Structure formats: structure tokens, C-alpha cells
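**Q** Under this note's numbering, the residue at position 92 of the sequence shown is numbered 92, and the numbers go up by one with no gaps.
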Amino acid sequence: MKDFTKEFQFKTSRSGGPGGQNVNKTETKVELIFDVQNSALLTVEEKELIAKNLASRIADDGMLHLSRSSERSQLRNKERVIEKFYELLTKALTPKKKRLPVKVSKAQKEKRIKSKKLRGEIKSGRRRVEY
């Protein structure tokens, strides 16, 4: 995987996560901002794939925003958000497997029909008997 650290922008802010009174005075929430369209390390095809697969996370200005505030430390949140970025990137760039249609075997069809008939007989046995 390529090293995108030079293209990252970080913003910090006060977090609502764990930390007690420390939350009120330190900025532990970290937001990673990555410009997908102007990245020098990505090819045009990769940019299109990322734009398509991560469309819900990319803002109107073409920036990918990820934030993390689960840890008490700004450094750990920064590490976690970078990990998340690389996870999302690899997931977006891996091609999806094509689904191969599978033919239902004759034995499976017969078994299904047999079970349906049996169920129908059970239900018909519950009906009121006419004399």
C-alpha cells in the first residue's frame, strides 16, 4: 500500500468520548481530510473507484472526511483514523467477486416439492370434517 501521509490534513477538536473532566480541556477528536481528486499517488481509475465506492463519505468538495474520538489520547485517535482510512481504501479498491449462478439439482427440487406436499397434507388434516 502506498504511503499517503503527506497528503493527509488533520483537524482536532474537543471530543465527547471518554476522558472525564479531561474532555473539557483537551482536543482529542481527530478528523482526517483527504483530497481524492487531487491525490498524486492515485491513478485516474483508482480515483473513480474510490469516488464510486465511498460516495457517502466524500463531501461535495471532493474531500474524504474520517473522524475518530473513541480514545482518550489524540495520538491514539490519529492512529485509529489512519488505520480506518487504509481499511476503507483497500476495501474500495478490491474488485467485487462476480456471483456465479448455480443450477438447482433435480433431487433438491423433488425434496422441496415433497416437503410442500407433506405440509399441505398436514394442514388439510386440520380442516373441519363434514358428515
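Every residue gets a Cβ at the ideal spot worked out from N, C-alpha and C, and that includes glycine. Note that the structure is a prediction, hence the values are computed from the model and not measured.
Taking all protein chains shown into account, do 16 or more other C-beta atoms lie within 10 angstroms of the C-beta of residue 64, making it buried, or fewer, making it exposed?
**A** Looking at its Cβ environment, which holds 16 or more other Cβ atoms inside 10 Å, residue 64 is buried.
**Q** Can you round the beta-carbon distance between residue 47 and residue 36 to whole angstroms, since I take them to be within the 8 Å contact cut?
**A** Taking 8 Å as the upper bound for CB-CB distance, residue 47 and residue 36 are in contact here, some 6 Å apart.
**Q** Check whether the segment 21–36 and the segment 90–103 are in contact - that is, three or more C-beta pairs closer than 8 Å.
**A** no
**Q** Look at the Cβ atom of residue 10, then the Cβ atom of residue 34, and state whether they are nearer than 8 Å.
**A** no
**Q** Does chain D have any CB closer than 8 Å to the CB of residue 12?
**A** The chain inventory of the structure shown lacks chain D, comprising one protein chain alone.
**Q** Here's the rule I'm using: 16 or more other beta-carbon atoms within 10 Å means buried, otherwise exposed. How should residue 56 be labelled?
**A** With fewer than 16 other Cβ atoms from the protein chains shown falling within 10 Å of its own Cβ, residue 56 counts as exposed.
**Q** I need the boundaries of the beta strand (DSSP E) containing residue 30, first residue and last residue.
**A** First-last of the beta strand (DSSP E) with residue 30: 29–35.
**Q** Among 5, 90, 109 and 38, which one has its Cα closest to the Cα of residue 62?
**A** The candidate whose alpha carbon is nearest that of residue 62 is 38.
**Q** Kindly indicate which residue of 131, 54, 15 and 129 has the alpha-carbon position closest to the one of residue 90.
**A** 54
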